[in-house]
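Residue numbers (our numbering): 126 to 340.
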């Protein structure tokens with residue numbers, strides 16, 4: 126149900142960049158909305174800048190993205206994992222179909238994979254998981270929010286729609302409960318080298334303190 130892209134040089138571009146390049150193709154003929162998960166790269170947003178297309182961030186997981194598609198009346202939803210849904214064909218991820226449609230877009234634009242993704246920025250992303258053995262309800266507390274805002278930096282904004290995501294102009298971190306196992310997923314991205322790793326390290330330490338009732 127997923128697909129992966131290898132370019133004509135034998136390299137494997139980051140899937141977020143593949144997703145961004147496909148959305149930029151779609152935006153030439155449609156203004157969306159297009160659906161991506163809350164943990165997709167900010168490069169996806171930048172791929173649609175200036176196109177007038179609407180991008181909606183939904184929960185992680187293709188089944189949940191499908192529900193978001195229906196709510197928004199969207200024809201496309203895609204995860205960086207390569208699970209893409211094209212509702213005009215059928216309502217489920219289809220790797221073979223996605224690969225064919227991506228190749229069709231390349232042919233229409235007279236482009237190669239490497240040229241298609243070169244306009245999509247590549248940022249620094251780090252993903253970690255933390256096993257938990259007790260209720261994680263306290264992770265939605267004010268303490269965690271305030272701690273993440275300090276970690277990410279000044280002028281940050283908080284979104285608690287799907288987990289807890291704190292974003293600044295050039296970095297963000299997301300803490301969410303896994304839907305399949307008893308772990309917390311921590312994802313961070315930054316335009317600056319080493320910053321994403323530092324954010325994840327500090328976030329894991331913060332979560333441990335919050336779980337223990339300390340700050």
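Glycine included, each C-beta is placed from N, C-alpha and C at the ideal position.
Since this is a predicted model, take the numbers as computed values, not measurements.
Check: Taking only the alpha-carbon atoms, compute the straight-line gap between residue 294 and residue 316 and give it to the nearest angstrom.; Outcome: 9 angstroms
Check: If residue 300 and residue 332 are in contact, beta carbons under 8 angstroms, what's the gap, nearest whole angstrom?; Outcome: 7 angstroms
Check: What span of residues does the alpha helix (DSSP H) with residue 312 cover, start to end?; Outcome: Per DSSP, residue 312 belongs to no alpha helix (DSSP H); it is in the beta strand (DSSP E), 308-315.
Check: Enumerated in chain order, which unbroken segments of the alpha helix (DSSP H) with a length of 4 residues or greater are wholly contained in the stretch 226-283?; Outcome: 238-243, 267-277
Check: Closest by CA to residue 330, which one among 289, 175, 213, 255?; Outcome: 255
Check: Restricting to Cα atoms, I'd like to know which of 156, 309, 144, 232 is closest to residue 247.; Outcome: 144
Check: Between which two residues does the beta strand (DSSP E) holding residue 214 run?; Outcome: Run containing residue 214: none; DSSP gives neither H nor E here.
Check: First and last residue of the beta strand (DSSP E) that includes residue 298?; Outcome: 296-302
Check: Return helix, strand or coil for residue 331, following the three-state DSSP convention.; Outcome: helix
Check: Would you mind reading off the limits of the beta strand (DSSP E) that contains residue 290?; Outcome: 289-292
Check: With DSSP collapsed to three states, give me the class of residue 323.; Outcome: helix
Check: Jot down the residue ranges of each uninterrupted beta strand (DSSP E) in the stretch 178-207, minimum 3 residues, whole runs only, in chain order.; Outcome: 180-183, 201-203
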